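Residue numbers (the numbering used here): 82 to 192.
Note that the Cβ used here is the ideal one computed from N, Cα and C, for glycine as well.
Note that the structure is a prediction, hence the values are computed from the model and not measured.
Heads up: the structure comes next, in structure tokens.
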């Protein structure tokens, strides 16, 4: 049995169509994005980046005034705009818990 058959996660670089990066503007996420761009150049893959905007903890109390909800939407729109401006990247932003948002994102990318 070939390695590919026993270990399906070992794939050829040519099989990689989408490279995903969790992004938050930190130096680590910027470095990850740079590496993803290099890999994408070598494999002709596209680079996708996701920033998960965590809601403030008081949101979970259910006591969020309308003005605060509007402010949270403005924050998300601002982050979405910044993500869309990343060169050579399909960037997006979502509200939620990072583990859940990034877990779902990982199901949408190859690497």
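Since I believe residue j is in contact with residue i (beta carbons under 8 Å), could you give me their beta-carbon distance rounded to a whole number of angstroms?
i: residue 190; j: residue 101; result: 3 Å
i: residue 168; j: residue 135; result: About 26 Å; that fails the 8 Å criterion.
What residues in its chain sit with their C-beta under 7 Å from that of residue i, if we drop five residues either side in the sequence?
i: residue 132; result: 104, 105, 160, 164 and 174
In terms of residue numbering, what span does the alpha helix (DSSP H) encompassing residue i cover?
i: residue 123; result: 108-124
Let me know the secondary structure DSSP gives residue i once reduced to three states.
i: residue 131; result: strand
i: residue 190; result: coil
i: residue 184; result: helix
i: residue 103; result: strand
Please work out which residues of its chain come closer than 8 Å, Cβ to Cβ, to residue i, disregarding the five sequence neighbours upstream and downstream, and give them in chain order.
i: residue 127; result: 98, 99, 100, 121 and 171
Starting from residue i and walking both ways along the beta strand (DSSP E), at which residues does that stretch end?
i: residue 175; result: 171-176
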